[in-house]
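S.K.: What follows is a single structure, and I will ask about it in a moment.
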Amino acid sequence: MTLNVSTIIEILGTVAFTISGVFSAMQKRLDALGVVIIGFITAIGGGTIRDVLIGYTPVSWMRNIDTPLIILVTAFVTILFKKHIKSFKVTLFLCDALGLGLFTIIGIQRGLNVGLHPGICVALGTITGCFGGVIRDISLNAIPMIFRRQEIYATACIIGGSIYILMLHVIDPNIAKLIAVAIVCSIRILAVRYKIKLPVG
Amino acid sequence: MTLNVSTIIEILGTVAFTISGVFSAMQKRLDALGVVIIGFITAIGGGTIRDVLIGYTPVSWMRNIDTPLIILVTAFVTILFKKHIKSFKVTLFLCDALGLGLFTIIGIQRGLNVGLHPGICVALGTITGCFGGVIRDISLNAIPMIFRRQEIYATACIIGGSIYILMLHVIDPNIAKLIAVAIVCSIRILAVRYKIKLPVG
Amino acid sequence: MTLNVSTIIEILGTVAFTISGVFSAMQKRLDALGVVIIGFITAIGGGTIRDVLIGYTPVSWMRNIDTPLIILVTAFVTILFKKHIKSFKVTLFLCDALGLGLFTIIGIQRGLNVGLHPGICVALGTITGCFGGVIRDISLNAIPMIFRRQEIYATACIIGGSIYILMLHVIDPNIAKLIAVAIVCSIRILAVRYKIKLPVG
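Protein chains in written order, with the working numbering: chain A, 1010 to 1210; chain B, 1010 to 1210; chain C, 1010 to 1210.
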């Protein structure tokens, strides 16, 4: 692992989604290993589906022990510090929003790297961002946020992802990445804060 | 995309399953993007699982923008015309039956193309036909039709698919395709119309 | 198929998980084909996910007709003999525990064969062992055992799998396989028998 912007984004996304998975599982009172497993699949779920769809196998997290170690350490630290965290619900929401933004951009970049159509790349980024949380929610027997009414979720990925691809023609890719991550997170957070909804289909 | 019988079947199957997904999602009162996403995953779900199982990656719908565009246009037209459609339930059922037949035969053909055993090809066709609907139903938190008691569903794929493989030894492949699609659809429709059931296992 | 220890373990695991799937489906009163399908996906689910993750495609069960035939014969025999089986619940539990042990070790061995890190191989073995049952339970709309509180499930795979990898440095691989399978099954059975639980996370 060399430390560039993409790698840092990937590590942060992994940490954010692990925390969100651990918090979801602790709310459901799972046992210690169950909590770690849900943290794990939340962190690697989106990227794994992305890798399988584009045929990048063995999938990313299996190629070395780095990602699993980051997830395990994050999960244990989260479990240890849970007493010091005031609001499970807010922490879960913010980590989920952050992971969503980070993984969406990573997913789009992977699609561009293998030469897919920009529109397909936005779909791939949305899948990468959303499906860790989808698998987490299905595993915990909850309706995935992405399918819940009155939540801007995939919308944030599609808007932020499309802007990212447009920005690539204009500014430095690393700066574009950071701005795009901020856009996805902001849309998600503002939509929930101000109860912005899409119309019923 | 060149227009031959297989391509036409694939496009019709994509349209039929998109409509069935959009109707299912509208019944559950999802927001506009949720409706489009459910239409999308219903249309590409079965083929994606098929491609992943046989190692055809990037999976079919990612290889160019045609399939996503067909799905998006179909979804928007369906949403626009929903007021003019009398019975959601009947439209959903007929589109689902049509998609089932079309995708089963496409799936079998893909299996034969890569040299799999005919029995495996029938399984692959059944997976291709059934799993768009399975993912649609799981996403909407309903029990998948394929697992519901007293529904002839996978049975239709297995019978129609087996007849297709037998017909290939006797008649023109394109005519065999059309007959086989008709058989799968007819079995499904007649089974529901006349309440034909399999015995309990 | 040549008959060596790995092949025998694979066949036994397939038979055990088919029976566990068939019993689960019969308890839910599915129709005959539904019962066979649930038996099928329980038997091939874990191995299929493993193959997809490491990029071994077409996945194992599609490469020849042997595995599907073993599953079909097992399913029919199980359905025929159901009257003679006293306790569905105990049979289901024991077959599930046996399949868990057998498939965990097969999964780890496949990972080692493609040169993955030992820690990743234990994860891959756990996935292979657990996900047939997970897909079975999700299909039947039940909470997967792996996520249920107060069940030692993945824990058994992780402990038995880690011991297997350590034993490989010391004793004959075939003997190590058999001992490791026995360890996974025993931990699972003893944990349920004596109600051993992990602490809440």
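By construction, the Cβ of each residue, glycine as well, lies at the ideal position given by its N, Cα and C atoms.
Are any of the Cβ atoms in chain A nearer than 8 Å to that of P1067 (chain B)?
M.R.: With 8 Å as the cut-off, P1067 (chain B) counts as an interface residue toward chain A.
S.K.: Given a threshold of 16 other Cβ atoms within 10 Å of its Cβ, counted over all protein chains shown, does Y964 (chain A) qualify as buried or as exposed?
M.R.: The structure shown does not extend to residue 964 (chain A), since chain A is modelled only from 1010 to 1210, so the question has no answer here.
S.K.: Using a cut-off of 8 Å between C-beta atoms, extract the partners of P1077 (chain A) located in chain C.
M.R.: Within chain C, the residues near P1077 (chain A) are G1128, I1129, A1132.
S.K.: Using three-state DSSP, classify D1075 (chain C) as helix, strand or coil.
M.R.: Three-state result, D1075 (chain C): helix.
S.K.: Residues of chain A with a CB under 7 Å from the CB of L1042 (chain B): which are they?
M.R.: Neighbours of L1042 (chain B) on chain A, chain order: A1163, T1164, L1207.
S.K.: Where D1075 (chain B) and F1156 (chain C) are concerned, what is the direct C-alpha to C-alpha distance, given to the nearest angstrom?
M.R.: Each residue's Cα considered, the two are about 40 Å apart.
S.K.: Quick one: Cα of V1014 (chain C) to Cα of L1111 (chain C), how far?
M.R.: V1014 (chain C) and L1111 (chain C): Cα-Cα distance of roughly 11 Å.
S.K.: Over the uninterrupted alpha helix (DSSP H) stretch that includes A1151 (chain C), give me the two end residues.
M.R.: That residue, A1151 (chain C), is in no alpha helix (DSSP H); it is neither H nor E in DSSP.
S.K.: From which residue to which residue does the alpha helix (DSSP H) around I1058 (chain C) run?
M.R.: From DSSP, the alpha helix (DSSP H) with I1058 (chain C) extends over 1041 to 1063.
S.K.: The alpha helix (DSSP H) that contains E1019 (chain B), what's its start and end?
M.R.: Looking at the DSSP string, the run of the alpha helix (DSSP H) that includes E1019 (chain B) is 1014 to 1036.
S.K.: So which residues of chain C does S1033 (chain A) contact, with C-beta pairs closer than 8 Å?
M.R.: What S1033 (chain A) touches in chain C: nothing, since even the nearest Cβ is about 11 Å away.
S.K.: Taking the Cβ atom as the reference point for each residue, do S1029 (chain B) and D1105 (chain B) lie within a distance shorter than 8 Å?
M.R.: Their beta carbons are under 8 Å apart, which means S1029 (chain B) touches D1105 (chain B) by this criterion.
S.K.: Roughly how many whole angstroms lie between the Cα atoms of L1283 (chain C) and K1204 (chain B)?
M.R.: Examination of residue 1283 (chain C) is not possible in this model, given that chain C is present from 1010 through 1210 alone.
S.K.: Run the CB neighbour count on R1119 (chain A), radius 10 Å, all protein chains shown included, and call it buried at 16 or more, exposed below.
M.R.: Buried: at least 16 other Cβ atoms inside 10 Å.
S.K.: Tell me which residue opens and which closes the alpha helix (DSSP H) that F1102 (chain B) is part of.
M.R.: Segment 1097 to 1122, the alpha helix (DSSP H) holding F1102 (chain B).
S.K.: Give the C-beta separation of A1163 (chain C) and L1081 (chain A) to the nearest angstrom, bearing in mind that I take them to be a contact with Cβ-Cβ under 8 Å.
M.R.: In fact, because the Cβ distance is near 14 Å, the residues do not count as touching under 8 Å.
S.K.: If I'm right that V1045 (chain C) touches T1057 (chain C) with Cβ under 8 Å, what's the distance once you round it to whole angstroms?
M.R.: Going by Cβ atoms, the distance from V1045 (chain C) to T1057 (chain C) rounds to 17 Å, so no, they are not a contact pair.
S.K.: Who are the neighbours of V1061 (chain A) on chain B, taking C-beta pairs under 7 Å?
M.R.: Residues of chain B passing the Cβ test: V1061.
S.K.: Helix, strand or coil: which one does DSSP assign to V1190 (chain A)?
M.R.: The answer is helix: DSSP assigns V1190 (chain A) an H, G or I state.
S.K.: Tell me which same chain residues have a C-beta within less than 6 Å of the C-beta of T1027 (chain A), skipping the five on either side of it?
M.R.: Around T1027 (chain A): G1048, A1052, I1080, T1083, A1084.
S.K.: Interface residues of chain A around I1074 (chain B) at Cβ under 7 Å?
M.R.: Going along chain A in sequence order, the residues near I1074 (chain B) (Cβ under 7 Å) are H1126, G1128, I1129.
S.K.: What are the boundary residues of the alpha helix (DSSP H) that I1174 (chain B) is part of?
M.R.: Note, I1174 (chain B): alpha helix (DSSP H), 1163 to 1176.
S.K.: State the Cα-Cα distance for the pair A1185 (chain C) and R1202 (chain A), rounded to the nearest angstrom.
M.R.: When rounded, the distance between both Cα atoms is 56 Å.
S.K.: Using CA atoms only, rank isn't needed, just tell me which of A:G1054, A:V1031, A:D1181, A:L1207 is closest to T1113 (chain A).
M.R.: With distances taken between Cα atoms, T1113 (chain A) lies closest to A:G1054.
S.K.: What does I1152 (chain C) reach in chain A if we use C-beta pairs closer than 7 Å?
M.R.: Residues of chain A passing the Cβ test: N1150.
S.K.: Do you know how far the Cα of L1109 (chain A) is from the Cα of S1198 (chain C)?
M.R.: The residue you asked about is not Ser; residue 1198 (chain C) is Ile in the sequence shown. I1198 (chain C) and L1109 (chain A): Cα-Cα distance of roughly 40 Å.
S.K.: Put V1209 (chain B) into one of helix, strand or coil per three-state DSSP.
M.R.: Correct three-state label for V1209 (chain B): strand.
S.K.: Comparing C-alpha positions only, which one of C:I1188, C:G1116, C:A1034, C:C1194 sits nearest to K1098 (chain C)?
M.R.: Comparing Cα-Cα distances from K1098 (chain C) to each of C:I1188, C:G1116, C:A1034, C:C1194, the minimum goes to C:A1034.
S.K.: Here's the rule I'm using: 16 or more other beta-carbon atoms within 10 Å means buried, otherwise exposed. How should R1145 (chain B) be labelled?
M.R.: Flag for R1145 (chain B) reads buried.
S.K.: Please decide whether G1064 (chain C) counts as near chain A, where near means a Cβ-Cβ distance under 8 Å.
M.R.: Closer than 8 Å: yes.
S.K.: Is DSSP giving I1087 (chain C) helix, strand or coil here?
M.R.: Residue 1087 (chain C) is actually Thr in this sequence, not Ile. Helix, per DSSP.
S.K.: Please compile the residues from chain B whose C-beta is within a distance smaller than 9 Å of the C-beta of F1156 (chain A).
M.R.: By Cβ distance, chain B contributes A1034, K1037, L1039, G1043, I1046, I1047, S1148, L1149, N1150.
S.K.: R1038 (chain B): buried (16+ other C-beta within 10 angstroms of its C-beta) or exposed?
M.R.: It is exposed - the Cβ of R1038 (chain B) has fewer than 16 other Cβ atoms within 10 Å.
S.K.: Do you know offhand how far A1191 (chain B)'s Cα is from L1089 (chain C)'s?
M.R.: So the alpha carbons of these two residues sit roughly 34 Å apart.
S.K.: Taking the straight line between their C-alpha atoms, what separation do you get for A1025 (chain B) and P1182 (chain B)?
M.R.: Near 23 Å, if we compare the C-alpha coordinates of P1182 (chain B) and A1025 (chain B).
S.K.: Have a look at L1101 (chain C) and D1040 (chain B) and give me their C-alpha separation to the nearest angstrom.
M.R.: Rounded to whole angstroms, L1101 (chain C) to D1040 (chain B) spans 42 Å at the Cα level.
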